[in-house]
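Structure first, commentary second.
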Amino acid sequence: MPEIFADCRLCSRGLPLPRRIRIEMHNALDSRLDTLAMITLFTGYDEEPKDKKKEQEAQAAEEESSQISGFFSRMRQAVTRTRENFSSRINEIVALTREVDESSLEELETALIMSDIGVQTTTEILEALRERARVQAIEGGEELRDLLKLQMVEILRAPQGAAATQQVSPKVTFLVGVNGTGKTTTSGKLAAWYRAQDKSVLLCAADTFRAAAIEQLEVWASRSGVEMIKTRQGGDPAAVLYDAASAAKARNIAELIVDTAGRLHTKSGLMDELDKMRRTASKLIPGAPHEVLLVMDATTGQNGLQQARQFTQSAGATGIVLTKLDGTAKGGIAVAIARELNLPVRFVGVGEQMGDLLEFSPETFVDALLG
Numbered sequence: 030m031p032e033i034f035a036d037c038r039l040c041s042r043g044l045p046l047p048r049r050i051r052i053e054m055h056n057a058l059d060s061r062l063d064t065l066a067m068i069t070l071f072t073g074y075d076e077e078p079k080d081k082k083k084e085q086e087a088q089a090a091e092e093e094s095s096q097i098s099g100f101f102s103r104m105r106q107a108v109t110r111t112r113e114n115f116s117s118r119i120n121e122i123v124a125l126t127r128e129v130d131e132s133s134l135e136e137l138e139t140a141l142i143m144s145d146i147g148v149q150t151t152t153e154i155l156e157a158l159r160e161r162a163r164v165q166a167i168e169g170g171e172e173l174r175d176l177l178k179l180q181m182v183e184i185l186r187a188p189q190g191a192a193a194t195q196q197v198s199p200k201v202t203f204l205v206g207v208n209g210t211g212k213t214t215t216s217g218k219l220a221a222w223y224r225a226q227d228k229s230v231l232l233c234a235a236d237t238f239r240a241a242a243i244e245q246l247e248v249w250a251s252r253s254g255v256e257m258i259k260t261r262q263g264g265d266p267a268a269v270l271y272d273a274a275s276a277a278k279a280r281n282i283a284e285l286i287v288d289t290a291g292r293l294h295t296k297s298g299l300m301d302e303l304d305k306m307r308r309t310a311s312k313l314i315p316g317a318p319h320e321v322l323l324v325m326d327a328t329t330g331q332n333g334l335q336q337a338r339q340f341t342q343s344a345g346a347t348g349i350v351l352t353k354l355d356g357t358a359k360g361g362i363a364v365a366i367a368r369e370l371n372l373p374v375r376f377v378g379v380g381e382q383m384g385d386l387l388e389f390s391p392e393t394f395v396d397a398l399l400g
């Protein structure tokens, strides 16, 4: 277009040009400018989204990487006490082992039992390692550590399909267990966890037996920004559950979390009460309760496991929430739970704050434990 602009400059200097030529020149200029604008328009819309898409993909990948890194860091911090005892023993075995023999396997057995993985689970792990050694020699301590990690992850992953996620609305989750394990606190944290996933949540205060349980859950409901259905202390838990289930259906709630009273399998009256609640839920919502999470205190170790083994038979638990993991040096109990109860660990509690409930990952847990 330089010749057009040159001619225009002649016009601006007052040089005489015929009117017809000036009109043709301006028409040609307008036409070329329109073409240029159209090229810019389509080129811009063609190229800019590609750039934005790449930028968005890179940002999403960075955020995902940051979340994974942050999750691993929090899990690693949660099992610090266990790792200090367990991993240090494993490191000693690895450092001193050039060829894996019966002596090194016996030392490994002691380390596993000391971390509360339990005799039964430890025996199975050692048998698998001995079988591997018979078929193919284990070359040194590092390979022994890698094989141990594979064994532990396999045990933790085995029961993961035991309780399939229900695609229903509302999904009803019962939190059960003995007093002192942290059911009410876990109810509030679980509500916040679902809220972080942009799901609507309703809490049901069905622990009408324990003093101050309703008030405690009310505080957690306020913190997590969810509504709660309650009754007076000493009221009928099945009745408040009926109200909560009806409200959840009417409000199109995605997750209904029910905090139940602490009970023992030996207390037939309380277990009958829990059965009544199950029947009430199923009448209003097909398949409810869709998940029954047994809340266990990690610090009780094998003692808690013995209690939980009998409790799950009566309560019909589908998964475990392992609380106070950060307060024990025997975090190996998670492995024993998966193997001996044949239940998946769904969540772990790692502190007292709102966000201190982590969805359990076998791979992340074992990596954090063994490095």
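The sequence shown begins at 30 in the numbering used here and counts up one residue at a time.
Positions of the beta carbon are idealized from the N, C-alpha and C atoms, including for glycine.
The model shown is predicted, which means the values in this text are computed figures rather than measured ones.
Simplified DSSP assignment, three categories, for residue i
i, result
"Met401", "With the chain represented from 30 up to 400, any question about residue 401 goes unanswered, as that position is not in the structure."
"Gly291", "coil"
"Glu381", "coil"
"Gly348", "strand"
"Ala358", "coil"
"Phe394", "helix"
"Ala192", "Caution is warranted here: a pLDDT of 48 is assigned to Ala192, below 50, making its placement in the model unreliable, and the coordinate value is therefore given only provisionally. Correct three-state label for Ala192: coil."
"Phe389", "coil"
"Leu137", "helix"
"Leu322", "strand"
"Arg280", "coil"
"Glu92", "Residue placement at Glu92 cannot be trusted, given a pLDDT of 49 that sits under 50; what the coordinates show is reported in the next sentence. Here Glu92 sits in helix by DSSP."
"Ile314", "coil"
Residue i to residue j span [Cα, whole Å]
i, j, result
"Val287", "Glu381", "20 Å"
"Asp385", "Gly263", "30 Å"
"Asp301", "Asp145", "33 Å"
"Leu354", "Ala327", "5 Å"
"Ala192", "Arg127", "Its pLDDT being 48, under 50, Ala192 is placed unreliably in this model, and the coordinates cannot settle the point."
"Asn114", "Ala268", "48 Å"
"Thr341", "Arg292", "12 Å"
"Thr393", "Val374", "13 Å"
"Ala250", "Ala346", "24 Å"
"Val248", "Thr309", "26 Å"
"Leu422", "Glu168", "Here the chain comprises residues numbered 30 to 400, so residue 422 is not present and cannot be evaluated."
"Gln149", "Ala107", "25 Å"
"Gln245", "Arg368", "34 Å"
"Ala397", "Ser275", "43 Å"
"Glu92", "Lys212", "Reliability fails at Glu92, whose pLDDT of 49 lies under 50, so the model's placement of it is uncertain and no value is given."
"Arg338", "Glu183", "21 Å"
"Gly333", "Met325", "7 Å"
Range of the contiguous alpha helix (DSSP H) that encloses residue i
i, result
"Ile154", "148 to 164"
"Phe238", "No alpha helix (DSSP H) contains Phe238, which DSSP labels as neither H nor E."
"Ala234", "Taken as a continuous stretch (DSSP letters only), Ala234 belongs to no alpha helix (DSSP H), being part of the beta strand (DSSP E) at 230 to 234."
"Arg368", "That residue, Arg368, is in no alpha helix (DSSP H); it is neither H nor E in DSSP."
"Ile119", "109 to 125"
"Ser216", "212 to 224"
CA nearest to the CA of residue i, picked from the options
i, options, result
"Thr352", "Thr329, Arg368, Ala365, Leu370", "Thr329"
"Gly378", "Leu399, Ile349, Asn371, Leu313", "Ile349"
"Ala344", "Gly170, Leu204, Leu134", "Leu204"
"Glu121", "Lys359, Ala346, Ala235, Gly170", "Gly170"
"Arg280", "Glu153, Ala234, Lys228, Gly316", "Lys228"
"Thr289", "Lys259, Ala162, Ile184, Asn332", "Lys259"
"Ser133", "Arg105, Gly206, Leu173, Arg239", "Leu173"
"Lys305", "Glu131, Leu141, Ala235", "Ala235"
"Ala241", "Ile154, Arg224, Arg261", "Arg261"
"Thr237", "Leu299, Val324, Ile154", "Leu299"
"Arg159", "Thr109, Gln180, Ile142", "Gln180"
Terminal residues of the beta strand (DSSP E) in which residue i lies
i, result
"Thr202", "200 to 205"
"Glu172", "No beta strand (DSSP E) contains Glu172, which is instead part of the alpha helix (DSSP H) from 169 to 186."
For residue j and residue i, believed in contact at Cβ under 8 Å, the rounded distance
i, j, result
"Leu232", "Met257", "4 Å"
"Lys359", "Thr111", "6 Å"
"Glu284", "Lys178", "In fact, because the Cβ distance is near 34 Å, the residues do not count as touching under 8 Å."
"Ser116", "Gly361", "About 11 Å; that fails the 8 Å criterion."
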